[in-house]
Structures are given as C-alpha cells and as structure tokens.
Amino acid sequence: MLNVIRKPSAVLGSLGLAAALAVPATVSAQDLELGIGAQYQLADPLLDDGRLSAIELRGWQNEQLGFGVFGYYGSQEEGGDDEVIRFGGKVMYAPIVNPNSRFYVGLEAAYEDWNDLDGFSVMPLAGFEYRLANAPEIGLNLEVGYRYLDIDNGTELEQHGISSQIGATYYF
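Going letter by letter, the sequence shown gives residues -29 to -1, 1 to 143 in mature numbering (1 follows the signal peptide of the UniProt record, and there is no 0).
Put into structure tokens, the structure is as follows:
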C-alpha cells in the first residue's frame, strides 16, 4: 500500500489524476466533443520487450482544452507472466489549432502496477492530433513525454525516461 502522505511525487500524481478526472464535470454538454479510442505504447522507461495497449476516453471542451482517461494493460516479456497495468488521466492544452490538426501540451498522472510493484507516475507531454479530412470524426495522435515513476516497494525506487505512444480516437 502506498504511503501517500510521506511521498511528494505520489501526492503530485494523485492531484494530477484528480484534476484530469474533474475536467469532464466542469464542461457543458453542448461544447464537449467526446471520443473513445485505442493507444499503443511505443517506448517507456520500464518497458524492455513488452508493449502496452490502452483504451482511452478522450474529450475536448473547446478547440484548446482537452482531457483523457485511460487504462493500459500489457506484459513485460513476450510469453512471460509479467503483468503491467496503468490507469489514470491527463489534461491537454492546444496552443496551435489548425482546421484538421492541433498541437498540444499536457500533464498525465497514473497509478501503475508492475507485478508486485506499484506506484504513481507523472508525465509532462507534447503531442499532436490529426483529423482525417474525409472523416473528421477520426483522430490520429502521437504523444511524447518524460515519465517520472515512483515505485513503492520499500526501497524508494524511482524510474524516469522518455515515453511515447500513438493512438486513434473515434469522436461522437
């Protein structure tokens, strides 16, 4: 069990996750653009041979303010027993918006469970989303960030490094 009070990074992760999950409650239904899609983890500080796949609920309050709530599941080694579970949320701000694309920056916070190890991660990120001209309800995205992972295994283990993912979202 995590001792959240004594771990600043765990507190920061919890606050980031709470903020990401609170965003949908503050938007009006008429402005909200909501979609569901899949994300595929390309690189992560703790991944060696395995890959993670996720389902993500993604929304945009307006052209610039967005959020995502996701759940990843995968394995560390091909054919191995190493389970990896990650769920959390992110907030995104798009300073550059074009007719079929947007560039955004954001902050992601997640709870992670790597077999018997668990902890919180925080990742500042940058990404872009491209909407198909003939099918604007389809969004393709790429995100790159720097993940900080604080693992609670009694040794104060911290991992960090570049993380990237690609995804596709269908907007309703």
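Glycine included, every Cβ here is placed at the ideal spot set by N, Cα and C.
Quantities reported herein were computed from a predicted structural model and do not represent experimental measurements.
Those residues which DSSP pairs with Phe58 across a bridge: Gly42 and Tyr82
Which residue wins for smallest C-alpha separation from Tyr142, given the options Ile109, Tyr117, Arg118 and Asp121? Ile109
Ordered list of beta strand (DSSP E) runs contained in the stretch 108 to 135, each at least 3 residues: 109 to 123
Give the range of the beta strand (DSSP E) segment to which Pro95 is assigned. Leu88 to Arg102
Reducing DSSP to helix, strand and coil, say where Tyr141 ends up. strand
Looking at the secondary structure, which residues open and close the beta strand (DSSP E) in which Glu4 lies? Glu4 to Ala14
Going straight from the alpha carbon of Val62 to that of Glu54, what length do you get? 26 angstroms
8 angstroms Cβ shell around Leu120 - same chain, five flanking residues per side excluded: Pro16, Leu17, Glu83, Gly90, Phe91, Ser92, Glu129, Gln130 and His131
Buried or exposed for Ala104, going by 16 or more other Cβ atoms inside 10 Å? exposed
Relative to the C-alpha of Thr140, which residue among Leu13, Ile26 and Gln12 is closest? Ile26
Helix, strand or coil for Arg73? Go by DSSP, reduced to three states. strand
Measure the C-alpha to C-alpha separation of Gln136 and Ser24 and round it to an integer number of angstroms. 9 angstroms
Please identify the residue among Ile133, Gly37 and Gly138 whose C-alpha is closest to the C-alpha of Ala65. Gly37
CA-to-CA distance, Glu4 to Arg(-24), given in whole angstroms: Annotation note: pLDDT 41 at Arg(-24) (below 50); position unreliable, coordinate value reported separately. If I take the Cα positions, the gap works out to 38 angstroms.
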